[in-house]
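See below for the structure under consideration.
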Amino acid sequence: MKITIIGWYGTETIGDRAILAGLFSFFHRSVGDFEIKLGSLHPFFSERTISEDYSFYKEIIGKDFIVDIFNSRNSKELLNAIANSDLVVMGGGPLMDLNELFMVEYAFKKAHKLGIKTAIMGCGIGPLFHKKYRKSVLEVTKNSDLTVLRDNKSKSNLKDIYREFNVDFDEAKTHTSFDPSVECALFFNKLCAGASAKYIAINLRAFPSEYGRDIDPAQINDALKQTVGALSNVYQENEIKLIPMHYFHIGGDDREFLNRIALDLNRDNITVQNSNLSLIDTMEVYANAYFNIGMRFHSVVLQTISSGKNFVFDYTEPKKGKISGFLHDIDGDHFYADRYISLHENEITADMVVNVNRQFCYDETDVKSRLSIYVERLNEFKNQVLTCGR
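For what it's worth, the numbering used here labels the leading residue of the sequence shown as 25, then goes sequentially.
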């Protein structure tokens, strides 16, 4: 099967790379042989990240496979990729306030006109502060033959958008699961057994201005720095590794903020991971850490699944964002109730970091059952494509 994947690639974080790993696993388990055309906003960057992660992707698939990268900002290249595909996929990430969302809308509408199947796989809904982007999300989902969202809160957010525009919402057409990166982390766990080391792994990002409507991002950033300083004092015998999830200036290279913290604090036990880590290298850091702290969404996901010894700093919308959505769906026993801080609502402090040896144990049977919706629906697509003779 020929599959075109579009989205925010070209500015991909480690999390986006984990999404790709999960999608490749789903494709392998359902359609079998496949070729990928990956739409990238900045192809040179995706060429680098695919090269860094290809050996891990190959291990998931069990053989070599084709990943052909094209410029998704070039309408001719995008149209050519769509026209030569059996399936066009919005491959994870948020449907949110980005101008590139209109590229996704165009691609899905064009695919439908050409009779090519479309799928939203593992996306979240929001943040969407502007009506024009909410309208675009409505159009994307209306033109999707298969929609699997990454959490139940995203489905609720999507319902609100349909209600806003007085459009009937088809419950049966919209499925929920976990983010595809969970599939990636499960595969990693089969390969690598965590071995506890003495270092503490912390992922932080500069507080995004788009979330700072009612709070001062500078104050949040300073509080995050002070928290790292407090942890440095408490755990003087442990190296504190500040781990990026993003290595590209578009989207906010985490190293800029992390180096600012390290330089301002000037502590011997604080280091920044400045050289690029691959996807599997990053998961190994989290799996082997004494304990972890995560702020970017996918640092939370990967730390939760690969380690379970982690604390969460949530910068997203309270009770509506992707981090609380993930924890709500995976943590039925409320393990993270006292290991979670909303940066919008709670005091940011190192005092929450207690009982560091406690470990979250996810329900593997339930997680795999929820993830199975991807493969089940892709199997249906495979049969439809074969029936249509594409």
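Built from N, CA and C at the ideal position, the CB exists for glycine as well.
* Around the Cβ of His358, are there at least 16 other Cβ atoms within 10 angstroms (buried) or fewer (exposed)? -> When all chains shown are included, His358 counts as exposed.
* **Nearest-angstrom Cα separation, counted from Ala313 out to Val191** => A straight line joining the alpha-carbon of Val191 with that of Ala313 spans about 48 Å.
* Asked: Under 8 Å between C-beta atoms, does Lys406 make it to chain D?
  -> Among the chains of the structure shown, chain D does not appear; only one protein chain is present.
* Asked: Is Pro241 helix, strand or coil by DSSP?
  -> In the structure shown, Pro241 falls within a helical segment according to DSSP collapsed to helix, strand and coil.
* Leaving out five residues on either side along the sequence, give the residues of the same chain with a beta carbon under 7 Å from the beta carbon of Gly413. => Because the pLDDT of Gly413 is 49, which lies under 50, any placement of that residue in the model is unreliable, and the number read from its coordinates should be weighed accordingly. If we look at Gly413 and ignore the five residues flanking it on each side, it has no Cβ neighbours.
* Ile90 classed as buried or exposed, judged by whether at least 16 other C-beta atoms fall within 10 angstroms -> Note on Ile90: under 16 other CB atoms within 10 angstroms of its CB, so exposed under the neighbour-count rule.
* Express the C-alpha separation of Glu36 and Ser49 in angstroms, rounding to a whole number. => Linking Ser49 to Glu36 through their CA atoms gives a straight-line distance of about 18 Å.
* Closest Cα partner of Tyr386 within the set Gln327, Asn407, Phe405 -> For Tyr386, the closest C-alpha among the options Gln327, Asn407, Phe405 is that of Gln327.
* In whole angstroms, what separates the C-alpha of Ser70 from that of Phe272? -> Here the alpha carbon of Ser70 sits roughly 11 Å from the alpha carbon of Phe272.
* DSSP puts Thr171 in a beta bridge; with which residues? -> Looking at the DSSP output, Thr171 sits in a beta bridge with Ile144, Thr198.
* To do: Return the chain-ordered list of same chain residues with a C-beta closer than 6 Å to the C-beta of Ile74, the five sequence neighbours on each side being excluded.
  => If we look at Ile74 and ignore the five residues flanking it on each side, its Cβ neighbours are Val91.
* Start and end of the beta strand (DSSP E) containing Tyr6? -> Lying outside 25 to 414, the shown extent of the chain, residue 6 is not represented and no answer is given.
* Within the same chain, show all residues whose beta-carbon is closer than 6 Å to that of His52, passing over the 5 residues directly before and after it, in chain order. => The residues are Ile85.
* To do: Can you check the region 181-236 for any alpha helix (DSSP H) of at least 4 residues that lies completely inside it and give the ranges in chain order?
  => Qualifying alpha helix (DSSP H) stretches, in chain order: 204-215.
* To do: Pick out whichever of Ile27, Asp77, Phe94 has its Cα sitting closest to the Cα of Leu301.
  => Out of Ile27, Asp77, Phe94, Asp77 has the C-alpha closest to the C-alpha of Leu301.
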